[in-house]
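Some notes on the structure that comes next.
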Amino acid sequence: MTQTPHLALVPGTAPAAAPAPETPVILEIEGLTKSFISTPGLGGHIANLFGAGIKRQEVRAVSGVDLSVKTGEIVGIVGESGCGKSTVARMLAGISNPTGGEIRYRGKARSKMTRAEREDFALSIQMIFQDPYASLNPRMRVRDIIGEAAVVHGYVTRAEMPAYVEDLMTRVGLAPDMADRFPHQFSGGQRQRIGIARALALKPDVLICDESVAALDVSIQAQVLNLFMDLRDSLGLTYLFISHNLGVVEHISDRVVIMYLGRVVESAPTEELYARPHHPYTRLLMDHLPTLSVERRTHRPIAGDLPSPLDPPPGCPFNPRCPLATDRCRSERPALREVTPGHISACHFDDTSSAEIR
Amino acid sequence: MTDATSSLPRRAAKKPSRLAMLTTRFAENRLAVFGLFLVVLAILAALFAPWIAPQNPFDLATLDIFDSMLPPGSTGSENGLHYLLGTDAQGRDVFSSILYGLRTSLIVAFSSVGFSMGIGLVAGLSAAYFGGALDAILMRIVDIQLSFPAILVALVLLAILGQGVDKVILALIIAQWPYFARTARSAALVERNREYILAVRCLNLSAPRIIARHLLPNCLPPLIVIALIDLASSIAIEATLSFLGVGVPVTKPSLGMLISNGFEFLMSGSYWISLFPGFALALVIMGINLAGDHLRDILNPRNS
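These protein sequence lines are chains A and B, in that order. Using UniProt numbering, read the first sequence as starting at 1 and increasing by one per residue. Using UniProt numbering, read the second sequence as starting at 1 and increasing by one per residue.
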């Protein structure tokens, strides 16, 4: 079956069918944490004898993220560079080990899985990477790039592999007769399709797209996004769509999660979030969405930089940059609370109605 | 609606292959081509020594003691052989000795470089890929060894092992694998965090498979250059060891051994016994270095 990508991208169209609320949860993470610890080491200890003062340092890239994803859902994760969204993706894809928290797949905790179950789980979550130039082995032919893992894991025999790869290439909109080529003979969009075919070769249930269209031309972005949508419909895939591009996330996601400094600060169904953003950080992001309106806008950049995760600010992590910050924000970290059904936010001003603080 | 990607022009396919491009660029430098010519010539001479050499210098029956110490260009008194480069104290034809000596030198160089590259690759790639304790232990061993000159390590090892071609090869492998391990590790450290390695880890392929099929081919170019340069230094180290008398045995002389043989006669005017093997040695080493240096330049991505 050939999936013909649609060429036109109508901005702002929400996905047609949002999954019904009773759809089973396929992937759930609870309190997921990743710390990177740097210890002084032998040289550091010796230097410390002479008063160098090298200390053990801990960076919390991700601190206690909860998330649940329903089958067939597209969840967008948004945040600026360094907020931990890619680290979450890598932990889910099994490339990086969490230092805390639990990942549950189809209700089974990863820590309680047998070896075989864990392998199944690793195969059913696949990832599409950001840079189509760096994510393909430059010295392998496309056929081997796509088909290698399927043969190794026994999905097909070596003899069946070429036909299997051709089928996958057709599915992602590549001409099957290009299977003998090397990655450098393809354009960026074509390479990204190769990456998608490689992931699909293992018949995954969940695709994690880590900035998967950020490196592509806008017109190619639209094609690849439409391919993702088509694949969801034809293969029943679930997506975790990570991006810093709010427009792309609005177009593709059913639900959006906003991350800041390793934590979730707000999460809501896409339309609800874009219509009624609650957290001040989300509102600032929305204010800076580029529009086509010719109306004069006052441009207020978000003040300050992302705080160093080595030394996170006390209280609400957003308080040094928040226009509404009070003393309470500087001392007490707000918890995630449901503001309206399905819409959670972590801000002390959640108590106040959003109209009041606008 | 047309499928945009499959109807894109396929001009990329007409691009010449990487190997063809490298060959063209290599041929641009005449010195490097000359170097390669010298290397190929030396390899051919060593391979076909029994057919080229007028005399088998190790077959005592063909030697004539009355023909000893003849200057270049002499003709043998009884067998009528033309001694192009003269003869040594045992009446051996120097030209034939060089051809046979080249054999020993090249066998030692190629096998020691081959094995030390293999060991260095396995050690360096696994150190980079697995990191942690394995990396720390392997690289400390490498550091300790690299703090001694390779020739000193080989010299000490030969003092323990004794003489013999196999022992020289073993000593050179032990002395040179750290260079390969270090280069392989540094290349692999860059590659292992590239997205294509993350991608195959995501596909749940086994570590040996990722190292052999994905990491290794992408770390190879700098190692090929190191291997070439090391080939030259292996020949030089072996010649030095043999010259010092701890290398190959007298029954299987290498170029270094030949130089050493003629050394005592150098001051008495019989310069040819040492000088011509010395020339041969210098030409081979120079050839390898010329070709290797240029190869390093064209394989360096910053220059292309």
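Note that the Cβ used here is the ideal one computed from N, Cα and C, for glycine as well.
How should residue i be labelled, buried or exposed, when 16 other C-beta atoms within 10 angstroms of its C-beta is the threshold for buried?
{"i": "L215 (chain B)", "result": "buried"}
{"i": "A207 (chain B)", "result": "exposed"}
{"i": "K203 (chain A)", "result": "exposed"}
{"i": "T2 (chain B)", "result": "Low confidence applies to T2 (chain B): its pLDDT is 42, below 50, so where it sits in the model is not reliable, and the reading given next is rough at best. Exposed, by the Cβ-count rule."}
{"i": "G342 (chain A)", "result": "exposed"}
{"i": "K70 (chain A)", "result": "buried"}
{"i": "D166 (chain B)", "result": "exposed"}
Can you confirm whether residue i, when its beta carbon is compared against all beta carbons of chain A, has any partner nearer than 8 Å?
{"i": "E195 (chain B)", "result": "yes"}
{"i": "P217 (chain B)", "result": "yes"}
{"i": "F133 (chain B)", "result": "It should be pointed out that residue 133 (chain B) corresponds to Ala in this sequence rather than to Phe. It does not: the Cβ of A133 (chain B) has no partner Cβ on chain A nearer than 8 Å."}
{"i": "A49 (chain B)", "result": "no"}
{"i": "L198 (chain B)", "result": "yes"}
{"i": "L19 (chain B)", "result": "no"}
{"i": "L189 (chain B)", "result": "no"}
{"i": "H214 (chain B)", "result": "yes"}
{"i": "L223 (chain B)", "result": "no"}
{"i": "L203 (chain B)", "result": "yes"}
{"i": "M286 (chain B)", "result": "no"}
{"i": "L8 (chain B)", "result": "Only weak support is given to the placement of L8 (chain B): the predicted model assigns it a pLDDT of 45, under 50, and the question is left unresolved by the model."}
Determine, for residue i, whether the minimum Cβ-Cβ distance to residues of chain B falls below 8 Å.
{"i": "M91 (chain A)", "result": "no"}
{"i": "N97 (chain A)", "result": "no"}
{"i": "N137 (chain A)", "result": "yes"}
{"i": "R337 (chain A)", "result": "no"}
{"i": "L168 (chain A)", "result": "no"}
{"i": "G94 (chain A)", "result": "yes"}
{"i": "V160 (chain A)", "result": "Sequence check: residue 160 (chain A) is Glu here, not Val. Answer no: the Cβ-Cβ gap between E160 (chain A) and chain B never drops below 8 Å."}
{"i": "R198 (chain A)", "result": "yes"}
{"i": "D131 (chain A)", "result": "yes"}
{"i": "T340 (chain A)", "result": "no"}
{"i": "M127 (chain A)", "result": "yes"}
{"i": "F349 (chain A)", "result": "no"}
{"i": "V152 (chain A)", "result": "yes"}
{"i": "L237 (chain A)", "result": "no"}
{"i": "A122 (chain A)", "result": "yes"}
{"i": "L289 (chain A)", "result": "no"}
{"i": "A61 (chain A)", "result": "no"}
{"i": "L202 (chain A)", "result": "yes"}
{"i": "A149 (chain A)", "result": "yes"}
{"i": "A134 (chain A)", "result": "yes"}
Taking Cβ to Cβ, would you say residue i is nearer than 8 Å to residue j?
{"i": "I298 (chain B)", "j": "L22 (chain B)", "result": "yes"}
{"i": "A171 (chain B)", "j": "L106 (chain B)", "result": "no"}
{"i": "H278 (chain A)", "j": "C347 (chain A)", "result": "yes"}
{"i": "D88 (chain B)", "j": "E78 (chain B)", "result": "no"}
{"i": "L138 (chain B)", "j": "A127 (chain B)", "result": "yes"}
{"i": "S86 (chain A)", "j": "G262 (chain A)", "result": "no"}
{"i": "L92 (chain A)", "j": "I128 (chain A)", "result": "no"}
{"i": "I258 (chain A)", "j": "V265 (chain A)", "result": "yes"}
{"i": "P217 (chain B)", "j": "T183 (chain B)", "result": "no"}
{"i": "G101 (chain B)", "j": "P249 (chain B)", "result": "no"}
{"i": "A215 (chain A)", "j": "D131 (chain A)", "result": "yes"}
{"i": "I169 (chain B)", "j": "S112 (chain B)", "result": "yes"}
{"i": "L207 (chain A)", "j": "L237 (chain A)", "result": "yes"}
{"i": "A136 (chain B)", "j": "S96 (chain B)", "result": "no"}
{"i": "P183 (chain A)", "j": "I194 (chain A)", "result": "yes"}
{"i": "V153 (chain B)", "j": "I174 (chain B)", "result": "yes"}
{"i": "A232 (chain B)", "j": "L255 (chain B)", "result": "no"}
{"i": "residue 372 (chain B)", "j": "A291 (chain B)", "result": "Within the shown structure, residues of chain B are numbered from 1 to 304, placing residue 372 (chain B) beyond reach of any answer."}
{"i": "L240 (chain A)", "j": "I196 (chain A)", "result": "no"}
Could you tell me which chain E residues have their CB closer than 8 Å to the CB of residue i, listed as they occur along the chain?
{"i": "E119 (chain A)", "result": "Of the protein chains in the structure, A and B, none is chain E."}
message: Does the contact criterion of 3 or more C-beta pairs under 8 Å hold for the region 156-165 of chain A versus the region 181-192 of chain A?
response: No: the two stretches stay apart, fewer than three of their Cβ pairs being nearer than 8 Å.
Cβ contact check for the region 197-213 of chain B and the region 195-213 of chain A: 3 or more pairs under 8 Å: yes
message: So within the region 168-242 of chain A, which uninterrupted beta strand (DSSP E) runs reach at least 3 residues, ignoring any that extend past its ends?
response: 206-210
field: the region 108-125 of chain B contacting the region 255-264 of chain B, beta-carbon criterion three pairs below 8 Å
entry: Touching, no.
- request: Please specify which runs of the beta strand (DSSP E), each continuous and at least 3 residues long, are wholly inside the region 40-96 of chain A, giving them in chain order.
  value: The beta strand (DSSP E) runs of length 3 or more contained entirely in the region 40-96 of chain A are, from start to end of the chain, 57-70 and 74-78.
message: I want to know whether the region 34-41 of chain A touches the region 51-70 of chain A - three or more CB-CB distances under 8 Å.
response: Result yes; three or more Cβ-Cβ pairs closer than 8 Å.
- request: Pair every Cβ in the region 250-257 of chain A with every Cβ in the region 70-83 of chain A, then say whether three or more of these pairs are closer than 8 Å.
  value: yes
query: What alpha helix (DSSP H) runs, 4 residues minimum, are completely inside the region 204-272 of chain B?
result: As summarised for the region 204-272 of chain B, the continuous alpha helix (DSSP H) elements at least 4 residues long and confined to that stretch are 216-244 and 255-263, given in chain order.
- request: May I have a chain-ordered list of the alpha helix (DSSP H) segments no shorter than 4 residues that lie completely inside the region 87-164 of chain A?
  value: 115-124 and 142-152
Entirely enclosed alpha helix (DSSP H) segments - the region 8-62 of chain B, minimum 4 residues: 18-27, 30-47 and 49-52
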